Ligand SMILES: *Cc1c(COP(=O)(O)O)cnc(C)c1O
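Residue numbers (my numbering): 204 to 592.
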């Protein structure tokens, strides 16, 4: 049996053709396809503006900078996320703190957020930015978080790296209805891919302009934005310290081609979810729950062990499944566990739900090309693994 990864990309001949066409054209980077890709993603997400960048980590970085994040200010995010959700704050010299997760959705817990905000107000340590992460592609409770942002005066960046194509309260994730900026990732394991790539969306023209400038060295070529009249067509101004975070036209062509299959990708992911729900019911597992308010992009299918000793059983089940070619994974190690983050002195006991999650969670395979027969194989192996513990 071929090993089954937890996720993988799907590339068609059309994708290949789209990339080859750009390779034969005049522009390899920042040509016409970037604009088309941005417009298509903005339209699909119902956001006004989109900025394509080299990856989602870069998108998070320029999102923080465009919101004016300063050294010494504070950013809060979920500890159960990829390190990039927190690193973006450190790039800006800001501090990071975490809000414990909800035991059902595994997203940032709104009640914990509220409690932490109340005490942060008393100690004068309120966050400047909160970065909710839509874990596995299921939206956080954005309406509640947005209400809190007005009360406590913080900005919101949605880390929707897992969530393109998903919905929340009738709106596509990415619409920024309840946030300042939303970020997507196009890494190959994510929902659609450009190889490496990311996008930042916003409805705010000023934030958009700032992110466009930060993406390309802080340089503008727009006469209207310049400090003096341009001296010729060759004129440009560097107005701040920016980066080279550009996506290429080659990548954008792949992304645009992939985007045409986004709905089909999610449909297949939900079919797989339905198979798992049927075949894994009645076992000592907590399966993901989905509420009627949202449509998950189902980037991950996370199961949690509900056996007698989940802490030891999870590692045994994990090991067994890997030995059988089922390449389960763990998303994620709480960020405050990372050696680099230890210097900041987080107390693990402040995050009991994240600690529990870290003990008993596991991501099992889900991706569009996963066949029904493979889903059945995965379930069979999980049953055997659970019977052995
Ligand atoms: C993948 C991921 C990122 C980073 O995305 P890149 O495009 O690889 O930079 C950030 N946040 C989360 C939650 C992710 O899963």
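Ideal Cβ placement from N, Cα and C applies to all residues, glycine included.
All values derive from a computational prediction rather than experimental measurement.
One thing to note: residue 472 has its Cβ no nearer than 8 angstroms to the Cβ of residue 568. Annotation: residue 402 to residue 335 spans about 16 angstroms, alpha carbon to alpha carbon.
Where residue 459 is concerned, the enclosing alpha helix (DSSP H) starts and stops at 452-462.
Cβ neighbours of residue 378 within its own chain (closer than 7 angstroms, five residues either side excluded): 248, 249, 250. A direct Cα-Cα distance of roughly 27 angstroms separates residue 579 from residue 497. Residues 490, 506, 582, 585 of the same chain have their beta carbon placed closer than 8 angstroms to that of residue 483, with the five preceding and five following residues left out of the count. The beta carbons of residue 348 and residue 320 sit no closer together than 8 angstroms. Sorting 281, 398, 519 by C-alpha distance to the C-alpha of residue 390 places 398 at the top. Uninterrupted beta strand (DSSP E) stretches at least 3 residues long and entirely within the segment 450-531 occur at 504-508, given in chain order. Taking all protein chains in view, the Cβ of residue 434 is surrounded by fewer than 16 other Cβ atoms within 10 Å, so the residue is classified as exposed. When the beta-carbon positions are compared, residue 368 and residue 218 stay at least 8 angstroms from each other. Secondary structure of residue 409 (DSSP, three-state): helix. With distances taken between CA atoms, residue 543 lies nearest to 299 out of 529, 554, 299. Counting along the chain, the unbroken beta strand (DSSP E) around residue 334 starts and ends at 332-334. Residue environment analysis places residue 361 among the buried positions, since at least 16 neighbouring C-beta atoms fall within 10 angstroms of its C-beta.
CA-to-CA, the gap between residue 480 and residue 468 works out to about 19 angstroms. With contacts defined as CB atoms closer than 8 angstroms, residue 575 and residue 478 qualify as a contacting pair. In the DSSP annotation of this structure, residue 344 is not part of any beta strand (DSSP E), being labelled neither H nor E.
Between residue 279 and residue 302, the C-beta spacing is below 8 angstroms.
Taking the CA atoms as reference points, residue 285 sits about 23 angstroms from residue 375.
Between the alpha carbons of residue 511 and residue 531 lies a gap of roughly 21 angstroms. Around the beta carbon of residue 459, a 10 Å sphere encloses 16 or more other beta carbons of the protein chains shown; the residue is thus reported as buried. For residue 385, the enclosing beta strand (DSSP E) begins and ends at 384-388.
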